[in-house]
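J.: In this text, residue positions in the sequence shown follow the UniProt record's numbering: the first is 1, and each later residue adds one.
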Amino acid sequence: MDVELSRENPRRTFGAMSTRSPKRDYDYLLKFLLVGDSDVGKQEILSGLDDGANDSPFGYGCGIDYKTTTILLDGKRVKLQLWDASGQGRFCTIFRSYSRGAQGILVVYDITNKWSFDGIDRWLKEVEEHAPGVPKILVGNRLHLAFKRQVSIPAAEQYAMKNDMAFFEVSPLCDFNITESFLELSRIALKRHGIDRFLKCNKVLSLQDLCSRVIVQYTHPHHIEKLPLPTSLRSRLRSFSNTSMCAHPMPSPYPSKRTKIIRPDSPSHTSVRKSCCIS
1 MDVELSRENP RRTFGAMSTR SPKRDYDYLL KFLLVGDSDV GKQEILSGLD
51 DGANDSPFGY GCGIDYKTTT ILLDGKRVKL QLWDASGQGR FCTIFRSYSR
101 GAQGILVVYD ITNKWSFDGI DRWLKEVEEH APGVPKILVG NRLHLAFKRQ
151 VSIPAAEQYA MKNDMAFFEV SPLCDFNITE SFLELSRIAL KRHGIDRFLK
201 CNKVLSLQDL CSRVIVQYTH PHHIEKLPLP TSLRSRLRSF SNTSMCAHPM
251 PSPYPSKRTK IIRPDSPSHT SVRKSCCIS
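#1: Beta-carbon within less than 7 angstroms of residue 178's beta-carbon, same chain only, minus the 5 sequence neighbours each way: which residues are those?
#2: Rounded to the nearest angstrom, what separates residue 193 and residue 32 at their Cα positions?
#3: Tell me the residue span of the alpha helix (DSSP H) that contains residue 226.
#4: Does the Cβ of residue 162 have 16 or more other Cβ atoms within 10 Å, making it buried, or fewer, making it exposed?
#5: In this structure, does DSSP put residue 66 in helix, strand or coil?
#6: Hey, could you find the ends of the beta strand (DSSP E) residue 114 is sitting in?
#7: Output the boundary residues of the beta strand (DSSP E) element that contains residue 182.
#8: Output needed for residue 149: all residues of its chain with C-beta closer than 7 angstroms, excluding positions within five of it in sequence on either side, in chain order.
#9: What does the Cβ neighbour count give for residue 135, buried or exposed, with the cut at 16 atoms within 10 Å?
#10: Shortest alpha-carbon distance to residue 71 belongs to which of 186, 102 and 191?
#11: Tell me the rounded alpha-carbon separation between residue 131 and residue 188.
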């Protein structure tokens, strides 16, 4: 069963169930907006998506950064339309128009720029005016520059909790927490529209799905990246791991994750720098 968003009607809040028969390469289609100041690295996030396509319906040179990518959420293929029209003063009207058709919003700031963090209030005000009630997550970009940090993790966590947002710190340069942030926002968006029940439908699992579930049951999320597996398989394992932890929290000797605040996977500055070092 497919969920489709109409490009012709950007104000449509959520796509209706599609009854057309042509087979697609995805199960759900979601539209996400990236908002934030122009120099916080939103384009870096989009450019880091290896499987993304720049097939903008507006063509090139219109001032809107657009990309599509597909993620795997609990065995379902979710295609994301990612739009960045913010930070461009003369395209404010376009941003306001297309924000009404979004199912999720990533509020992005630069952890090395305190001014970009202080400006989030202005973007949230714009979002609440033109897209009230749309799920949001707070994204601190450029974690690989943590040694230049101007915005502390506790300050960002407190702000995210105050505004009912999940929180991630990411690094496009190191491909760190990018997919995880999209997975979390997709899960929230589908749950908001009652589609999450289809993610848990009864079905015969493939051998790969069964193996993935067994591995994540006995492997802590911090250790998945260290497994000697192809990148695509590690991404699949992270998907099953995130879904398993959200749906069925299990006792563990490790600290449990919070519901709303999602800190970087690396527990310390030392490990963050090691995981994001540039050779």
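Even glycine gets a Cβ: it sits at the ideal position worked out from N, Cα and C. As the structure is a computational prediction, the values presented were derived from the model and not from experiment.
T.: In this structure, then:
#1: Closer than 7 angstroms at the Cβ level, and outside the excluded window around residue 178, lie 45, 48, 170 and 172.
#2: Between residue 193 and residue 32, the C-alpha separation is close to 15 angstroms.
#3: It is not in any alpha helix (DSSP H) - residue 226 carries neither H nor E in the DSSP assignment.
#4: Exposed, since its Cβ has fewer than 16 Cβ neighbours within 10 Å.
#5: Reduced to three states, the DSSP call for residue 66 is strand.
#6: Looking at the DSSP string, residue 114 is not in any beta strand (DSSP E); the run it does join, the alpha helix (DSSP H), is 114 to 118.
#7: Element bounds for residue 182: not the beta strand (DSSP E) but the alpha helix (DSSP H), 178 to 192.
#8: Cβ neighbours of residue 149 within its own chain (closer than 7 angstroms, five residues either side excluded): 111 and 112.
#9: The residue is buried, with at least 16 neighbouring Cβ atoms inside 10 Å.
#10: Checking every option, the nearest Cα to that of residue 71 belongs to 186.
#11: Taking the straight line from one Cα to the other gives about 16 angstroms.
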